[in-house]
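A.B. asks: Once you've had a glance at the structure underneath, I'll fire off some questions.
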Amino acid sequence: MKKLIILSTIFAFLYTSHLHAKTIRILMETVPDTRYLQELLPEFEQQTGIKVEIEAIGYVDMHTKLVPQLIAPQGSYDLIVVDFYWVGEFTKAKWLMPLDDLVKRDNINVNRYIPALMNLVGRVDGTIYMLPFYNYSMAMVYRKDLINDPNEKANFKAQTGFDLKVPTNWSEYWKQVEFFTRDKDNDGKNDFFGTVIQGQRGDCIAMHWSNFLYAQGGRYNANNGEPLLNSAAAISAMAYYKEAIAKYSPEGSASYCFDEAFNIVAQGNAYSLTTFNIMYAGFDDPKSSSVVGKIGIAPNPGGGLNGAWGWAIPNSSTQKEEAWNFIKWAESYKIAKKRAMLGGAPTQSKIFNDPDILRERPYYPILGQVLAGAQEFPVFTYTTEFVEKVGRELNLAATGEKEIEEAMNAANKAYRKLLVKDGKL
Amino acid sequence: MIWFLKKHQKNLKLNKINKFTSHFILILFSLIIFLPIIWLLRVALTNKVTAYKIPPEWATLNLNNFTEIFTNNSFTNYFINSVIVSIGSTAIALPIAASMAYAFSRYNTGGSLLRIIVLSTQLLPPVIIVLPLFTLYLKINLLNSITGLILAHVTISLPFLAWILISFFEGNVIYLEQAARVDGASRLQAFLYIAIPVSSPGLIAAGLLAFILSWNEFILALILSGPQTNTIPVGLSSFQSHRGVDIAPLAAATIFSIIPVFLLLPFIKKYLISGLSLGALK
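Below is the structure:
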């Protein structure tokens with residue numbers, strides 16, 4: 040009888056321990072990097088006994104879903120991922136827990152991250168709020184089969200006097216864009232394009248046009264913080280953008296976003312595209328591309344737009360220590376490497392030089408260059424509103440509905456107003 | 348006689364031309380509605396690279412996307428959740444709405460002021476009520492639950508249904524009820540055994556509307572549900588990410604999500620259209 044009672048007690052304890060096993064809930068985006076992490080979750084659960092529930096939703100709904108959770112004194116999510124767009128808003132609203140004390144306590148070396156990414160989704164005004172999770176910096180993808188074709192090389196040399204190779208400056212790239220725009224079926228209309236513009240108003244044009252700005256040596260802000268959207272470089276960038284829409288990009292590209300542009304290249308109808316580096320793998324997938332093995336990747340001349348997501352612990356989390364344990368595990372070199380081997384977009388410098396990874400993904404050194412040269416997009420409290428307002432003016436200029444100077448002056452004025460509202464000027 | 352036959356022939360010919368013309372125009376306009384669905388079906392039966400080909404390819408059609416959404420995706424979960432939430436919210440909202448409509452119609456409960464208050468809740472878009480609901484659900488532990496979602500959908504469909512059903516209880520059914528009362532039936536008996544059966548076309552129409560409303564509802568499901576309780580509209584939005592749109596699986600998921608509403612089509616035709624117009628007669 041005594042033995043039965045003891046055994047029953049032990050059993051009840053074990054059973055209820057299982058029932059009360061901690062579970063942390065994470066909200067993430069439906070991207071392959073989330074899927075790779077989900078594949079590795081059993082390792083974390085085995086090591087720590089903490090169960091992990093990942094809720095993955097589409098990007099367009101994430102902000103809407105996140106904000107009520109962050110406002111509430113106690114939210115449902117113990118851990119979230121934050122797009123660089125929202126960093127300013129979330130930190131100003133004090134929704135994210137500073138991580139400096141935890142980083143110091145557990146000797147986490149944040150210098151392992153690529154500095155540009157740590158500045159984007161890591162430190163804000165000197166305080167660490169996030170650790171970079173995955174990057175989506177922009178790069179140039181191009182048809183390497185065309186660039187290596189002897190006939191194309193000969194024709195390009197004859198036409199321009201220059202060698203056809205991976206472009207490293209804007210002038211070189213633009214000659215290639217002009218050269219490759221052609222009428223292949225001789226019906227009087229171009230059907231192969233040098234580039235694909237993503238001119239849809241808002242986020243699409245703001246991010247895409249930024250690469251044109253950087254290629255002209257332009258920046259969003261001067262050293263003193265003053266906006267530079269009406270600088271000579273910005274106006275030149277818009278002139279090229281407008282010309283591309285008119286002559287070197289498919290009809291309708293003024294309303295394209297990233298997916299439409301990807302599909303033009305994937306259907307074999309364009310030479311090059313500036314897009315997120317994470318789209319590159321899709322060109323080698325026969326289910327989504329008819330140019331498998333034909334696409335190369337290179338840094339955008341002048342540097343591409345920097346983009347990334349970071350891990351953050353909301354102040355509304357009720358299991359902050361467990362969430363921190365998860366971040367430490369997910370960002371340990373062993374797991375970060377495994378994620379990269381599966382196809383994830385890394386954020387730690389060492390991974391780009393890891394021999395195992397280079398064997399699987401030989402283009403990683405180029406990605407390392409892309410990240411090293413990535414340029415900043417304005418990140419402040421009103422980034423989302425900035426993208427809407429400036430994106431509108433950029434689209435009006437690109438489509439000819441407004442004169443370039445008038446639109447860029449309007450964009451600059453709108454940007455300045457938001458900077459003043461945020462106390463940056 | 349011959350003149351009569353010739354005139355009859357001419358009329359027949361004119362009738363045929365008229366018939367042909369009217370059918371042609373109707374088919375043309377129907378295509379405007381049906382072609383996007385046919386195109387969607389085509390995309391669902393291909394992969395992404397074939398989906399975007401111009402001119403379109405029709406040769407390599409397969410069911411891989413349908414398999415994928417049920418094996419690699421949580422679509423089965425979303426579908427089951429949507430069915431439970433839609434049926435559950437309809438089953439709760441309809442009797443309450445019928446009772447409210449009956450009270451408004453027979454007893455003029457609250458007068459026109461209450462009717463306007465009930466109707467005015469329809470002016471609020473769901474995004475206005477979602478945050479207060481979220482805060483309330485957080486406190487009473489209804490967040491991320493099917494029950495919570497059902498109750499939320501009841502709050503948005505109930506006023507609408509009550510308003511529609513008022514006119515069904517103001518028709519000839521009043522006389523039938525009076526006759527039943529004379530024969531000794533109580534108010535409740537008159538409501539249950541006379542008013543409800545006579546107004547059944549309207550009730551079925553209202554039920555169908557409530558189901559469709561709940562089936563397509565997005566913002567409440569997005570904010571109030573979790574990974575285990577997400578519904579189809581939330582699930583469909585997850586096919587769009589920073590890596591682009593998974594257009595082929597999305598098309599397959601969309602086709603599957605319209606199947607229940609498609610199956611309701613005979614009932615919609617029979618009850619919704621006739622039921623709603625019946626309520627207009629007094």
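From first to last, the protein sequence lines are chains A and B.
Counting in our numbering, the first sequence tops out at residue 464, every number present.
Counting in our numbering, the second sequence tops out at residue 629, every number present.
Heads up, the beta-carbon is just placed ideally off N, CA and C, and yes, glycines get one too.
These numbers were taken from a predicted model, which means no experiment stands behind them.
Identify every run of the alpha helix (DSSP H) within the segment 496 to 550 of chain B, keeping only runs that are complete inside it and at least 4 residues long; order them along the chain.
C.D. replies: 520 to 529, 534 to 537
A.B. asks: Could you tell me which residues DSSP puts in a beta bridge with A347 of chain A?
C.D. replies: Walking along the first sequence from the start, residue 347 of chain A turns up at place 308. Per DSSP, A:N174.
A.B. asks: So what does Y181 of chain A bridge to, in DSSP terms?
C.D. replies: What you label residue 181 of chain A is simply residue 142 of the first sequence in a count that begins at 1. According to DSSP, which records beta bridges pairwise, Y181 of chain A is partnered with A:S311, A:G335.
A.B. asks: If you draw a straight line from the alpha carbon of D461 of chain A to that of V160 of chain A, how long is it in whole angstroms?
C.D. replies: Locating residue 461 of chain A in the first sequence gives position 422, counting from the first residue. Locating residue 160 of chain A in the first sequence gives position 121, counting from the first residue. Each residue's alpha carbon lies about 19 Å from the other.
A.B. asks: Quick one: grab the DSSP three-state call for A413 of chain A.
C.D. replies: Numbered from its first residue, the first sequence carries residue 413 of chain A at position 374. In this structure, A413 of chain A counts as coil in the three-state DSSP scheme.
A.B. asks: Is it the case that the Cβ atoms of A413 of chain A and E432 of chain A are separated by a distance below 8 Å?
C.D. replies: Looking up residue 413 of chain A in the first sequence gives position 374. Looking up residue 432 of chain A in the first sequence gives position 393. No, the Cβ-Cβ distance between A413 of chain A and E432 of chain A is not below 8 Å.
A.B. asks: Decide if the segment 492 to 507 of chain B is in contact with the segment 128 to 140 of chain A; the criterion is three or more beta carbon pairs, one per stretch, under 8 Å apart.
C.D. replies: no
A.B. asks: Name the one or two DSSP bridge partners that P613 of chain B has.
C.D. replies: Here residue 613 of chain B corresponds to residue number 266 of the second sequence, with the count starting at 1. Beta-bridge pairing links P613 of chain B to no other residue.
A.B. asks: Tell me which residues of the segment 276 to 304 of chain A have at least one Cβ-Cβ distance to chain B shorter than 8 Å, keeping chain order.
C.D. replies: F297, D298, F301, N302
A.B. asks: Between the alpha carbons of S249 of chain A and F416 of chain A, how many angstroms are there, rounded?
C.D. replies: For the purposes of this step, residue 249 of chain A is taken as the residue at position 210 of the first sequence. For the purposes of this step, residue 416 of chain A is taken as the residue at position 377 of the first sequence. Cα to Cα, S249 of chain A sits roughly 8 Å from F416 of chain A.
A.B. asks: Give me the Cα-Cα distance between T62 of chain A and M447 of chain B, rounded to the nearest whole angstrom.
C.D. replies: By 1-based counting over the first sequence, the position of residue 62 of chain A is 23. By 1-based counting over the second sequence, the position of residue 447 of chain B is 100. Going from the Cα of T62 of chain A to the Cα of M447 of chain B covers about 43 Å.
A.B. asks: Identify the continuous beta strand (DSSP E) that holds R590 of chain B and give its terminal residues.
C.D. replies: Working through the second sequence from its first residue, we reach residue 590 of chain B at position 243. Secondary structure note for R590 of chain B: it is in no beta strand (DSSP E), with a DSSP letter that is neither H nor E.
A.B. asks: Against S588 of chain B, what residues of chain A qualify as contacts under a CB-to-CB distance less than 7 Å, listed in chain order?
C.D. replies: Position 241 of the second sequence, counting from 1, holds the residue named residue 588 of chain B. In chain order: E68, T69, V70, G97, Y98.
A.B. asks: May I have the straight-line CA-CA distance separating A553 of chain B from P171 of chain A, to the nearest angstrom?
C.D. replies: By 1-based counting over the second sequence, the position of residue 553 of chain B is 206. By 1-based counting over the first sequence, the position of residue 171 of chain A is 132. One C-alpha to the other measures close to 51 Å.
A.B. asks: Anything in the segment 391 to 423 of chain A with a Cβ closer than 7 Å to a Cβ of chain B? List those residues in chain order, please.
C.D. replies: none
A.B. asks: Roughly how many angstroms separate the alpha carbons of I317 of chain A and A362 of chain A, rounded to a whole number?
C.D. replies: Counted from its first residue, the first sequence places residue 317 of chain A at position 278. Counted from its first residue, the first sequence places residue 362 of chain A at position 323. Whole-angstrom Cα-Cα distance: 26 Å.
A.B. asks: Under a CB-based cut-off of 8 Å, is S311 of chain A close to chain B?
C.D. replies: Looking up residue 311 of chain A in the first sequence gives position 272. Taking 8 Å as the threshold, the shortest C-beta distance from S311 of chain A to chain B does not fall below it.
A.B. asks: Does the contact criterion of 3 or more C-beta pairs under 8 Å hold for the segment 320 to 330 of chain A versus the segment 228 to 236 of chain A?
C.D. replies: No: the two stretches stay apart, fewer than three of their Cβ pairs being nearer than 8 Å.
A.B. asks: Tell me which residue opens and which closes the alpha helix (DSSP H) that E404 of chain B is part of.
C.D. replies: The count along the second sequence starts at 1 and reaches residue 404 of chain B at position 57. Premise fails: E404 of chain B is in no alpha helix (DSSP H) and is neither H nor E.
A.B. asks: Compare the C-beta of F603 of chain B against all C-beta atoms of chain A and say whether one is closer than 8 Å.
C.D. replies: Counting from one through the second sequence, the residue named residue 603 of chain B turns up at place 256. Output row for F603 of chain B: interface = no.
A.B. asks: Mind checking if E370 of chain A is an interface residue toward chain B, Cβ cutoff 8 Å exclusive?
C.D. replies: Position 331 of the first sequence, counting from 1, holds the residue named residue 370 of chain A. So no, E370 of chain A is outside the interface.
A.B. asks: Could you check if N190 of chain A is buried or exposed, using at least 16 other CB atoms within 10 Å of its CB as the buried criterion?
C.D. replies: Residue numbering aside, residue 190 of chain A sits at position 151 when the first sequence is read from its first letter. So N190 of chain A counts as exposed.
A.B. asks: So P613 of chain B contacts chain A; which residues on that side make the cut at Cβ distance below 7 Å?
C.D. replies: The residue you call residue 613 of chain B lines up with position 266 of the second sequence. What P613 of chain B touches in chain A: nothing, since even the nearest Cβ is about 34 Å away.
A.B. asks: Given that a residue counts as buried once 16 or more other Cβ atoms are within 10 Å of its Cβ, and exposed if not, what is A245 of chain A?
C.D. replies: Residue 245 of chain A sits at position 206 when you count from the first residue of the first sequence. Counting the other Cβ atoms within 10 Å of the Cβ of A245 of chain A gives 16 or more, which makes it buried.
A.B. asks: Measuring CA to CA, which of A:F365, A:K204, A:P404, A:W368 is closest to A384 of chain A?
C.D. replies: What you label residue 384 of chain A is simply residue 345 of the first sequence in a count that begins at 1. Closest by alpha carbon: A:P404.
A.B. asks: Since Y449 of chain B meets chain A, which of its residues come closer than 9 Å, beta carbon to beta carbon?
C.D. replies: Within the second sequence, residue 449 of chain B is the residue found at index 102, counting from 1. Here the premise fails: no neighbours, minimum Cβ distance about 37 Å.
A.B. asks: Mind listing the chain A neighbours of T437 of chain B? Cutoff is C-beta to C-beta under 9 Å, in chain order.
C.D. replies: The residue given as residue 437 of chain B occupies position 90 in the second sequence. Neighbours of T437 of chain B on chain A: none; closest Cβ ~25 Å, over 9 Å.
A.B. asks: Just to make sure I have the definition right: I need the residues of chain B whose C-beta is within less than 7 Å of the C-beta of M318 of chain A. Which are they?
C.D. replies: Position 279 of the first sequence holds residue 318 of chain A. Result: R590, G591.
A.B. asks: Under DSSP, the beta strand (DSSP E) around V91 of chain A begins and ends at which residues?
C.D. replies: The residue given as residue 91 of chain A occupies position 52 in the first sequence. Where V91 of chain A is concerned, the enclosing beta strand (DSSP E) stretches over 90 to 96.
A.B. asks: How big is the Cα-Cα spacing for E84 of chain A and F422 of chain B?
C.D. replies: Along the first sequence, one-based indexing puts residue 84 of chain A at 45. Along the second sequence, one-based indexing puts residue 422 of chain B at 75. Rounded to the nearest angstrom, the two C-alpha atoms are 25 Å apart.
A.B. asks: What is the residue span of the beta strand (DSSP E) that T62 of chain A lies within?
C.D. replies: In the first sequence, counting from the first residue as 1, residue 62 of chain A sits at position 23. Taken as a continuous stretch (DSSP letters only), the beta strand (DSSP E) holding T62 of chain A covers 62 to 68.
A.B. asks: Quick check: the Cα distance between I602 of chain B and I385 of chain B, rounded to an integer number of angstroms?
C.D. replies: Along the second sequence, one-based indexing puts residue 602 of chain B at 255. Along the second sequence, one-based indexing puts residue 385 of chain B at 38. In a straight line, the C-alpha of I602 of chain B is about 10 Å away from that of I385 of chain B.
A.B. asks: With H, G and I counted as helix, E and B as strand and the rest as coil, what does DSSP make of I379 of chain B?
C.D. replies: Within the second sequence, numbered from 1, the residue matching residue 379 of chain B stands at position 32. Looking at I379 of chain B - three-state DSSP - the assignment turns out to be helix.
A.B. asks: Would you mind working out which of A:G97, A:Y98, A:P81, A:I96 sits nearest K90 of chain A, comparing C-alpha positions?
C.D. replies: Working through the first sequence from its first residue, we reach residue 90 of chain A at position 51. Per the Cα distances, A:P81.
A.B. asks: Taking only runs of the alpha helix (DSSP H) that begin and end inside the segment 416 to 456 of chain A, which ones reach a length of at least 4 residues, in chain order?
C.D. replies: 422 to 437
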